[in-house]
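Residue numbers (this note's numbering), protein chains in the order written: chain A, 1 to 104; chain B, 1 to 414.
Quick reminder that beta carbons are idealized off the backbone N, C-alpha and C, glycines included.
These numbers were taken from a predicted model, which means no experiment stands behind them.
Worksheet: the structure to be examined is printed underneath.
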């Protein structure tokens with residue numbers, strides 16, 4: 001498992017750069033990760049991040065967009081506006097969670 | 001007398017009931033299966049209906065015909081499960097008690113869940129092929145389709161038989177070529193995934209097949225609504241895909257009674273342990289086949305391999321013993337490529353579809369992830385295996401657990 005250094009933190013990531021240990025994540029790190037993909041975090045972003053972090057702790061799996069809207073109350077349209085093009089992946093990346101697993 | 005109640009007499013429910021009837025003492029266990037009707041559909045056959053290869057008679061049989069003696073079939077709509085009372089309530093008020101409950105009610109396409117999909121253009125220029133009625137209506141529409149833009153579309157994952165939309169696309173390409181119409185039709189494949197398929201080796205291979213056939217690929221497209229008047233798909237990020245003929249795979253949802261009973265996740269699938277298929281919430285409820293939330297394909301093949309593991313586990317579980325069987329997510333499917341060829345893919349939770357030979361390493365006779373005629377013949381022959389061997393719960397000489405022998409593993413990149 002590769003280790004990368006961001007802002008002086010050593011973090012474990014997978015081949016695509018998704019963090020693999022949610023415990024290594026911090027709010028500061030989220031801001032840096034977001035900046036890397038061209039996103040400045042607003043309160044709305046944080047609401048989404050808190051939900052998926054909380055849900056992951058509960059379920060052990062990264063929430064799907066459907067789960068974010070039905071359980072988290074964040075409309076899919078909003079998620080596309082906050083994390084353009086690939087909201088599920090980008091949100092997981094910023095929130096320090098594994099890439100959402102696509103079912104075969 | 002103890003009661004085993006199986007909800008759903010489809011692929012998983014029928015196989016499980018038949019196998020358990022042979023293993024459970026008839027003086028000790030009563031087995032009852034509930035379904036809404038007596039028509040068992042061979043769902044993989046729907047794919048061939050739009051092209052006239054199969055018709056209704058090839059894909060529908062009576063359900064009770066496949067259930068072994070000693071299994072009662074009750075026909076009725078399921079209103080809800082009451083787990084605290086170990087009881088299932090039917091739509092007409094009948095109540096069925098159980099000691100053990102097996103939920104096998106599958107997943108269904110729900111065009112009503114996407115605005116505009118089942119509106120004025122439904123079954124006029126918008127079709128599905130995951131229902132027999134849809135596939136039949138599409139067969140008629142294809143006969144009249146001689147030019148324009150054919151869009152094949154997947155609404156959201158997971159869907160039943162996730163390779164079927166690609167297969168439909170390849171078959172449509174081949175069918176149009178055969179009729180001399182391919183140059184007058186633009187084919188577009190629209191998917192919410194970031195490639196033609198989910199896992200890398202298969203996605204690259206299947207993506208290449210789209211390219212060879214000059215089929216356009218629109219990825220990361222999550223549909224928000226269909227505009228039936230302008231005939232366009234509109235995504236959440238406001239991209240538009242126009243169509244003349246739309247063949248869509250609507251959102252798939254588990255049975256409504258599952259959520260009504262408080263047993264479902266946000267897609268009405270029953271959360272289970274992915275290795276034992278026992279409900280995470282109730283110790284006497286299992287969910288098998290497409291009805292559960294395991295991270296595997298929603299496909300008859302998964303149901304088949306999973307049921308083998310489930311039966312052993314169930315017998316241990318009702319004896320109060322720990323369950324020792326562990327399902328590995330094994331599935332294999334034939335993928336029709338058009339021109340009487342097909343590919344075969346074989347994979348599980350941890351191993352993506354790879355190239356190689358199956359079921360015998362190096363010998364085959366089937367080739368993995370490669371287009372051959374033998375695979376196509378295998379796919380067509382499978383319908384007979386399904387009716388005569390699989391559903392009846394007879395053994396098929398394929399191990400439930402996936403094998404790496406005969407598979408080519410790509411070199412790990414450093």
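Alpha carbon to alpha carbon, how far is residue 297 of chain B from residue 104 of chain A? Give it in angstroms, no decimals.
For the purposes of this step, residue 104 of chain A is taken as residue 104 along the first chain, with counting starting at 1. For the purposes of this step, residue 297 of chain B is taken as residue 297 along the second chain, with counting starting at 1. Confidence in residue 104 of chain A is poor, its pLDDT being 42 and thus under 50, which makes the residue's placement unreliable; the coordinate value appears in the next sentence. Looking at the two C-alpha atoms, the distance is approximately 5 Å.
Leaving out five residues before and five after residue 390 of chain B in sequence, what residues of the same chain have Cβ atoms less than 7 Å from its Cβ?
Your numbering for residue 390 of chain B matches position 390 in the second chain. So the list reads 15, 304 and 396, once near-sequence residues are dropped.
Taking CB distances under 7 Å as the criterion, tell me whether residue 236 of chain B reaches chain A.
Reading the second chain from its first residue, position 236 is the one you call residue 236 of chain B. Chain A contact via Cβ: present.
Quick one: is residue 218 of chain B near chain A, going by C-beta distance under 7 Å?
Residue 218 of chain B sits at position 218 when you count from the first residue of the second chain. It does not: the Cβ of residue 218 of chain B has no partner Cβ on chain A nearer than 7 Å.
Rounded to a whole number of angstroms, what is the C-alpha to C-alpha distance between residue 99 of chain A and residue 96 of chain B?
Start at 1 with the first residue of the first chain, and residue 99 of chain A comes out as number 99. Start at 1 with the first residue of the second chain, and residue 96 of chain B comes out as number 96. Answer to the nearest angstrom: the Cα atoms are 43 Å apart.
How should residue 167 of chain B be labelled, buried or exposed, when 16 other C-beta atoms within 10 angstroms of its C-beta is the threshold for buried?
On the second chain, residue 167 of chain B is found 167 positions in, with the first residue counted as 1. With 16 or more Cβ atoms within 10 Å of its Cβ, residue 167 of chain B is classed as buried.
Which residue marks the beginning of the beta strand (DSSP E) containing residue 416 of chain B, and which one marks its end?
Outside the modelled stretch of chain B, which goes from 1 to 414, sits residue 416 of chain B, for which no answer is possible.
Out of B:62, B:152, B:38 and B:330, state which residue places its alpha-carbon closest to the alpha-carbon of residue 351 of chain B.
In the second chain, counting from the first residue as 1, residue 351 of chain B sits at position 351. Taking only the C-alpha atoms, the option nearest residue 351 of chain B is B:330.
Quick check: the segment 83–95 of chain A against the segment 15–33 of chain A, are there 3 or more CB pairs under 8 Å?
yes
For the 8 Å Cβ check, are there 3 or more pairs between the segment 144–156 of chain B and the segment 21–32 of chain B?
no
Between B:107, B:182 and B:20, which lies nearest to residue 67 of chain B when the distance is taken from Cα to Cα?
Position 67 of the second chain holds residue 67 of chain B. Nearest option by C-alpha distance: B:20.
Cβ contact (3+ pairs, closer than 8 Å) linking the segment 180–192 of chain B and the segment 214–222 of chain B
yes
Using only the alpha-carbon positions, how far apart do residue 209 of chain B and residue 359 of chain B sit?
Residue mapping note: residue 209 of chain B aligns to position 209 of the second chain, counting from 1. Residue mapping note: residue 359 of chain B aligns to position 359 of the second chain, counting from 1. Cα to Cα, residue 209 of chain B sits roughly 24 Å from residue 359 of chain B.
Supposed contact pair residue 215 of chain B and residue 169 of chain B - C-beta distance, whole angstroms, cut 8 Å:
Looking up residue 169 of chain B in the second chain gives position 169. Looking up residue 215 of chain B in the second chain gives position 215. At roughly 6 Å, the Cβ-Cβ gap stays under 8 Å, so residue 169 of chain B and residue 215 of chain B are in contact.
If I'm right that residue 241 of chain B touches residue 185 of chain B with Cβ under 8 Å, what's the distance once you round it to whole angstroms?
Position 241 of the second chain, counted from the first residue, corresponds to residue 241 of chain B. Position 185 of the second chain, counted from the first residue, corresponds to residue 185 of chain B. About 15 Å; that fails the 8 Å criterion.
Counting pairs of beta carbons, one from the segment 97–108 of chain B and one from the segment 70–87 of chain B, are three or more of them closer than 8 Å?
yes
Is the shortest distance between the beta-carbon of residue 414 of chain B and the beta-carbons of chain A less than 7 Å?
Taking the second chain and counting its residues from 1, one reaches residue 414 of chain B at position 414. Its pLDDT being 35, under 50, residue 414 of chain B is placed unreliably by the model, and nothing is read from it.
May I ask you to check if the CB of residue 90 of chain A is nearer than 6 Å to at least one heavy atom of the ligand SAM?
The ligand content of the structure shown is nil, which means the ligand SAM is not present either.
Evaluate the contact criterion for the segment 124–134 of chain B versus the segment 241–260 of chain B: three or more CB pairs, one atom per stretch, below 8 Å.
yes
Residues sharing a beta bridge with residue 147 of chain B, DSSP:
Reading the second chain from its first residue, position 147 is the one you call residue 147 of chain B. According to DSSP, residue 147 of chain B bridges with nothing at all.
Cβ-based neighbour list, residue 494 of chain B, same chain, cut-off 6 Å, excluding 5 preceding and 5 following:
Residue numbering for chain B in the displayed model covers 1 to 414; residue 494 of chain B lies beyond these limits and cannot be assessed.
Does any C-beta atom of chain B lie closer than 7 Å to the C-beta of residue 76 of chain A?
Numbered from its first residue, the first chain carries residue 76 of chain A at position 76. So yes, residue 76 of chain A belongs to the interface.
Which value, in whole angstroms, describes the spacing of the CA atoms of residue 42 of chain A and residue 140 of chain B?
On the first chain, position 42 is the one that residue 42 of chain A refers to. On the second chain, position 140 is the one that residue 140 of chain B refers to. When rounded, the distance between both Cα atoms is 52 Å.
Neighbour list for residue 84 of chain A in chain B, Cβ cutoff strictly below 7 Å
Taking the first chain and counting its residues from 1, one reaches residue 84 of chain A at position 84. Within chain B, the residues near residue 84 of chain A are 237.
Just checking: is the beta-carbon of residue 266 of chain B within a distance shorter than 7 Å of some beta-carbon in chain A?
On the second chain, position 266 is the one that residue 266 of chain B refers to. Output row for residue 266 of chain B: interface = yes.
Residue from B:333, B:405 and B:278 with nearest C-alpha to residue 317 of chain B
Within the second chain, numbered from 1, the residue matching residue 317 of chain B stands at position 317. The candidate whose alpha carbon is nearest that of residue 317 of chain B is B:278.
Can you confirm whether residue 51 of chain A, when its beta carbon is compared against all beta carbons of chain B, has any partner nearer than 7 Å?
By one-based count along the first chain, residue 51 of chain A stands at place 51. Answer no: the Cβ-Cβ gap between residue 51 of chain A and chain B never drops below 7 Å.
Use the C-beta contact count for residue 52 of chain A: other C-beta atoms within 10 angstroms, 16 or more gives buried, fewer gives exposed.
For the purposes of this step, residue 52 of chain A is identified with residue 52 of the first chain, where counting begins at 1. Answer is buried; the Cβ neighbour count reaches 16.
With 7 Å set as the bound, which would you pick, yes or no: does the beta-carbon of residue 62 of chain A sit closer than that to a beta-carbon of chain B?
Within the first chain, the letter at position 62 stands for residue 62 of chain A. Taking Cβ atoms only, chain B never reaches closer than 7 Å to residue 62 of chain A, which makes this a no.
Give a yes or no on whether the minimum CB-CB distance between residue 104 of chain A and chain B is below 7 Å.
By one-based count along the first chain, residue 104 of chain A stands at place 104. Because the pLDDT at residue 104 of chain A is just 42, under 50, the model does not fix this residue reliably, and the value given afterwards should be weighed accordingly. Yes, because at least one Cβ of chain B sits closer than 7 Å to the Cβ of residue 104 of chain A.
Around the C-beta of residue 60 of chain A, are 16 or more other C-beta atoms found within 10 angstroms, so that it is buried, or is it exposed?
Walking along the first chain from the start, residue 60 of chain A turns up at place 60. Classification of residue 60 of chain A: exposed, given that the 10 Å Cβ count is below 16.
Please list the terminal residues of the continuous alpha helix (DSSP H) segment that includes residue 314 of chain B.
Residue 314 of chain B sits at position 314 when you count from the first residue of the second chain. Residues 300–318.
How many angstroms separate the CA atom of residue 62 of chain B from the CA atom of residue 18 of chain B?
Taking the second chain and counting its residues from 1, the one referred to as residue 62 of chain B is at position 62. Taking the second chain and counting its residues from 1, the one referred to as residue 18 of chain B is at position 18. If I take the Cα positions, the gap works out to 15 Å.
Which residues in the same chain have their Cβ closer than 6 Å to the Cβ of residue 207 of chain B, if we skip the five residues on either side of it in sequence?
Here residue 207 of chain B corresponds to residue number 207 of the second chain, with the count starting at 1. 195 and 196, listed in sequence order.
I'd like the ranges of any beta strand (DSSP E) spanning at least 3 consecutive residues and lying wholly in the segment 176–233 of chain B.
185–190, 216–218 and 223–227
Three-state secondary structure (DSSP) of residue 263 of chain B:
What you label residue 263 of chain B is simply residue 263 of the second chain in a count that begins at 1. Correct three-state label for residue 263 of chain B: coil.
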